[in-house]
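If you count the sequence shown from 1, you need to add 444 to reach the working numbering.
Beta carbons are placed, not taken as given, at the ideal position from N, Cα and C, and that holds for glycine.
Please read these numbers as outputs of a predicted model, since none were measured by experiment.
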Amino acid sequence: MTRRAGHAPGWQRLWRHSYALGLSWLVRDARRGWRARRVGFVRLVVPLDPRRYYELGRIADAEFSGLCLDVSSPKLLPSLLQSERRGRWVCIDLFADEIDAWRTIDPTLELHVADATALPFEDDSFDHCVCVSVLEHIGGGRDSAALAEIWRVLKPGGTLHLTTDVAETPRDVFLERRAYGEASDLEDQRGVFFKHDYTPGEIESLLERQRWGVVTREFATLRDPRIEQWFETNAPWSYLAGPFLRFVCPGQIETSGNPDLIARADGGIAYLHLRKQVRTNA
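What follows is the structure, encoded as structure tokens:
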């Protein structure tokens, strides 16, 4: 899971690739009024959000080949991996606007509008899958359905790279607005459901519903969470600092295989590298 000798770390390659995509789009699409301008300009202004230096960078250093599936992750990651000839990538997202934008930003990706809980692919189709910061936004019950669908479409022995938010105690986060448009369909007196922070134990319970072999289990936090809080609270003006996050964020990541790290920081990220296991007849 470490980068190969002579290769820049994943976050650096993602950072550079973001600018390459943005500049290519800027020149190529200028005559058409820069369609997909929101996604395109973000590639130039904020190559990586604070936590993506870990989440996407960690997975960018993994091994990929064959036919690979991205389940609603930030599309910068599969775009980089395909440009490095590390797998042929099929990407899905629930939001048609996001898919349309990325068809303009990176025409080499195969992109589909699809629901993670009902993937439109045959059993045992993919060698690898990534699902970055998605599961916590799906909601109770449907999260297990999404994991079951990923397990179904992976080939025996295929791998899943998954990240999700974790905390010492479980908690649901609600907003006053629909952050994901029509997909934000879980609503009650507390507001509109945004995400669920899993405990390490809840994650273990989810994994028990299919035969997953755990290759790597890792927990990560930002040493100074005020950086991410400032960035999110002051958006979009904080985007102006996006190019300079590279000088701060990579050194802010603390990782451990022990979930005690999450308890000390009162929240963080879980990274899981999983392998699909199937029963064999003795």
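| Item | Value |
| --- | --- |
| Label residue 649 either buried or exposed according to how many other C-beta atoms from any shown protein chain fall within 10 Å of its C-beta, with 16 as the threshold for buried. | exposed |
| Where do the N-terminal and C-terminal ends of the alpha helix (DSSP H) with residue 522 fall, by residue? | 520 to 527 |
| Identify every residue that forms a DSSP beta bridge with residue 656. | 720 |
| Would you list, in sequence order, the uninterrupted alpha helix (DSSP H) runs of no fewer than 4 residues that lie entirely inside the segment 477 to 512? | 481 to 489 and 496 to 504 |
| Could you check if residue 471 is buried or exposed, using at least 16 other CB atoms within 10 Å of its CB as the buried criterion? | exposed |
| Consult DSSP for residue 646 and reduce its assignment to one of helix, strand or coil. | helix |
| Below 8 Å, can you find three or more Cβ-Cβ pairs linking the segment 509 to 517 to the segment 564 to 575? | yes |
| Does the structure place the segment 473 to 493 close enough to the segment 543 to 559 that three or more beta carbon pairs sit under 8 Å? | yes |
| Taking 8 Å as the threshold (C-beta atoms), are residue 499 and residue 574 in contact? | no |
| Taking residue 668 as the reference, give the member of 708, 543 and 595 with the closest Cα. | 708 |
| How would you write the range of the alpha helix (DSSP H) that residue 700 sits in, first residue to last? | Element bounds for residue 700: not the alpha helix (DSSP H) but the beta strand (DSSP E), 697 to 700. |
| Taking the beta carbon of residue 541 as the centre, do at least 16 other beta carbons fall within 10 Å, making it buried, or is it exposed? | exposed |
| Go ahead and pull the three-state DSSP assignment for residue 637. | strand |
| Helix or strand or just coil, what does DSSP make of residue 687? | helix |
| Taking Cβ to Cβ, would you say residue 639 is nearer than 8 Å to residue 617? | yes |
| Tell me, please, which residues DSSP counts as bridged to residue 584. | DSSP, once it has assigned bridges, lists no residue as partnering residue 584. |
| What span of residues does the beta strand (DSSP E) with residue 548 cover, start to end? | It is not in any beta strand (DSSP E) - residue 548 instead sits in the alpha helix (DSSP H) that spans 540 to 549. |
| Taking the alpha-carbon positions, what's the residue 556 to residue 543 distance? | 7 Å |
| For residue 614, count neighbouring Cβ atoms within 10 angstroms of its own Cβ and tell me buried if that reaches 16, exposed if not. | exposed |
| Quickly, what does DSSP pair residue 537 with across the bridge? List them, please. | 557 |
| Measure the CB-CB distance between residue 533 and residue 563 and report whether it falls below 8 Å. | no |
| Which term fits residue 684, buried or exposed, when burial requires 16 or more other beta carbons within 10 angstroms of its beta carbon? | exposed |
| Have a look at 502, 527 and 503 and flag the residue whose alpha-carbon is nearest the alpha-carbon of residue 464. | 527 |
| Given this structure, state the Cα-to-Cα distance separating residue 461 from residue 702, to the nearest angstrom. | 32 Å |
| Counting C-beta neighbours from all protein chains within 10 Å, is the total for residue 602 16 or more, i.e. buried, or is it exposed? | buried |
| Using a threshold of 8 Å, state whether the C-beta atoms of residue 593 and residue 561 are closer than that. | yes |
| Identify every residue that forms a DSSP beta bridge with residue 461. | DSSP lists no partner for residue 461. |
| Where does the unbroken alpha helix (DSSP H) through residue 704 begin, and where does it stop? | 704 to 709 |
| Excluding the 5 residues flanking residue 663 on each side, which residues of the same chain have their C-beta closer than 8 Å to its C-beta? | 610, 644, 699, 700, 701, 702, 703, 705, 706, 712, 713, 714 and 715 |
| What is the DSSP secondary structure of residue 604, counted as helix, strand or coil? | strand |
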